[in-house]
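Same order as they appear, the protein sequences are chains Y and A.
Count along the first sequence from 1, add 45, and you get the number used in our numbering.
Count along the second sequence from 1, add 45, and you get the number used in our numbering.
Don't be surprised by glycine CBs; every beta carbon is placed ideally from N, CA and C.
Bear in mind that the values here come from a model prediction, so they are computed numbers and not experimental data.
Protein chains: 2
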Amino acid sequence: MSRSLTQDTYEALRSAILVGKFAPDTLWSDRELAAQLGFSRTPVREAIQRLAADGLVEVIPRRGTRVLPLLADDVREIHQVARALELEAAIMLATSRKRDLGPLQRLVAEMAEALEAADRDRWVRADEAFHHDLVEACGNRRLARMYHAQRGLTDRARYFALHLRDLPTKSADDHRAMLEAIERRDTARLCELYHEHWDRTTAELLALIERHGSTMPVQSTLREEKK
Amino acid sequence: MSRSLTQDTYEALRSAILVGKFAPDTLWSDRELAAQLGFSRTPVREAIQRLAADGLVEVIPRRGTRVLPLLADDVREIHQVARALELEAAIMLATSRKRDLGPLQRLVAEMAEALEAADRDRWVRADEAFHHDLVEACGNRRLARMYHAQRGLTDRARYFALHLRDLPTKSADDHRAMLEAIERRDTARLCELYHEHWDRTTAELLALIERHGSTMPVQSTLREEKK
DNA sequence: GGCTATCATCTGGCATGCCAGTTGAAATGT
DNA sequence: ACATTTCAACTGGCATGCCAGATGATAGCC
């Protein structure tokens, strides 16, 4: 895989948690994880340190490592942070002199096409790419890193939500409007749009989460494998 | 100290770096740090993982752990992120129904008194507390944690800057105006104020940094102690 | 039966030993 | 004298062993 077992472990565990392979609130021991992944406790422990710093797990001394659930309040908090950061990035783009909005324009078009074809997966890819590229384009790498780290935490929820809701026609309009505001360098309009867009997105996601239980309908498969 | 050597090590190293006891760009080995702190490599290594995640150090395999310098670009990026997050918190306070602005009002008064007495240390304490409490009061713990983590990175620079510049009379006005905007629930004004305030603060800090070299005038003392 | 004390077994915390990659100065050849 | 090679002394990566605290099934008591 990569050049470091710690890195591999970190990525494997993070992805497993975000995809839902570890049921929230379950306890895991470093020995157990190490055995499953095939190497020793040390890289696993170091990876767990990082996951704990990310807020994905909680280490309980002499009890185990608990996978933290994604609660409604967490979604609310994460979305708020993401909104603040992405708005800052958008404002930066809106006031920047040299900028290339071509990729973003293409992605908006891509989303429109995906909607016409009712292709949810294609739409979600373009949507992810739009927000991703927008934040990347602002030039602040710290901001981008923090944004992606937070946003990644809700990937799982968004993925399930996509198949449970109506086609996101409203979101497509929002994106187009946001891009236009950036083009026109209209920061006041941007602030409005972002507040509307994220408030609605958050509410939609929360409604789905509450309807389907606070944890997404994914169960751990590893627990059973082990026995 | 606390209940975990890893935690102790993390806090000790983080504080040492932020206070300037480790010269930027110096390489350290985990064995060396462990010997100085008095325990073994394991807790030191786990603490270093977290410091690397914070962006304070960089681990170079088989070379050492490099203390990252605080460059002008870093200050720019950090201030931008902090501004975005604090503005979001301020807007939250401005639109919240039940809120207690008493502590913030007291801190604004405190800053005014400190200015009259030309007491820089008292002023900086009140200033820190103002921003701290403002972000805490918004109720989004994630946002608060990220804000403080980022802001902490520039503590060192701000501390030195304080004694090298004029009394921050302008900042005091800004804070008062910000609080008033929150009281009047005037979010548009808040946006303006935040952009002005942080742009000026960033520019001031950068000017001082560039005048005094990209790294603050602090040298490592530990290197010598060791010999 | 119900309650309590016990203890084998589990956990994370930490120390330590070995490995392989990197380095820079000494040893070597020209 | 200089360029090249070599190698001892580092480094972080990883595995492993021991420890003390926490747990829960069980044995013992009332």
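- Per DSSP, residue 121 of chain A is one residue of the alpha helix (DSSP H) stretching across 117-140.
- Neighbourhood of residue 123 of chain Y in chain A, by CB distance below 9 Å: 187, in chain order.
- Sixteen is the threshold: when 16 or more other Cβ atoms of the shown chains lie within 10 Å of the Cβ of residue 195 of chain Y, as they do, the residue is buried.
- Taking the beta carbon of residue 191 of chain A as reference, the chain Y residues within 7 Å of it are 126 and 191, listed in sequence order.
- Using a CB distance cut-off of 8 Å, residue 94 of chain A counts as an interface residue toward chain Y.
- Interface flag for residue 245 of chain Y against chain A is unset, since no Cβ pair is found closer than 8 Å.
- By the Cβ neighbour-count rule, residue 214 of chain A is exposed, with fewer than 16 other Cβ atoms within 10 Å of its own.
- Taking a 10 Å sphere around the C-beta of residue 127 of chain A, we find 16 or more other C-beta atoms and assign the residue as buried.
- Three or more Cβ pairs drawn from the region 167-182 of chain Y and the region 149-156 of chain Y lie within less than 8 Å of each other, which places the two stretches in contact.
- Take residue 230 of chain Y, set aside five residues on each side of it, and the residues of its chain with a beta-carbon closer than 6 Å to its own are 139, in chain order.
- Residues of the region 58-91 of chain A with a C-beta less than 9 Å from any C-beta of chain Y: 87, 90 and 91, listed in chain order.
- Three or more beta-carbon pairs separated by less than 8 Å are not found between the region 99-110 of chain A and the region 79-88 of chain A, which leaves the two stretches without contact.
- The C-beta of residue 95 of chain Y has 16 or more other C-beta atoms within 10 Å across all chains shown, which makes the residue buried.
- Neighbours of residue 130 of chain A across chain Y, judged by C-beta separation under 8 Å: 126, 129 and 130.
- Put simply, the backbone Cα of residue 148 of chain A is about 8 Å away from that of residue 178 of chain A.
- Residue 137 of chain Y and residue 185 of chain Y have their C-alpha atoms some 9 Å from each other.
- Under a criterion of Cβ atoms nearer than 9 Å, no residue of chain A is adjacent to residue 182 of chain Y; the nearest Cβ is some 14 Å distant.
- Where residue 111 of chain A is concerned, the enclosing beta strand (DSSP E) starts and stops at 109-112.
- Taking a beta-carbon distance threshold of 8 Å, residue 133 of chain Y counts as an interface residue toward chain A.
- In the displayed model, residue 72 of chain A falls within a strand according to three-state DSSP.
- Going by beta carbons, residue 242 of chain Y and residue 219 of chain Y fall inside the 8 Å limit.
- CA-to-CA, the gap between residue 68 of chain Y and residue 187 of chain A works out to about 22 Å.
- In this structure, A:89 is the residue among A:89, A:172, A:176 and A:120 with its C-alpha nearest to the C-alpha of residue 52 of chain A.
- Chain A places no beta carbon closer than 8 Å to that of residue 157 of chain Y, leaving this residue out of the contacts.
- Comparing alpha carbon positions, the residue from A:143, A:120 and A:84 closest to residue 200 of chain A is A:120.
- Residue range 200-207 is occupied by the alpha helix (DSSP H) that includes residue 205 of chain Y.
- About 17 Å separates the beta carbon of residue 123 of chain Y from that of residue 207 of chain Y, a gap too long to meet the 8 Å contact definition.
- In this chain, the alpha helix (DSSP H) harbouring residue 60 of chain A covers 50-64.
- Residue-level contact by beta carbon holds for residue 98 of chain A and chain Y, with a gap shorter than 8 Å.
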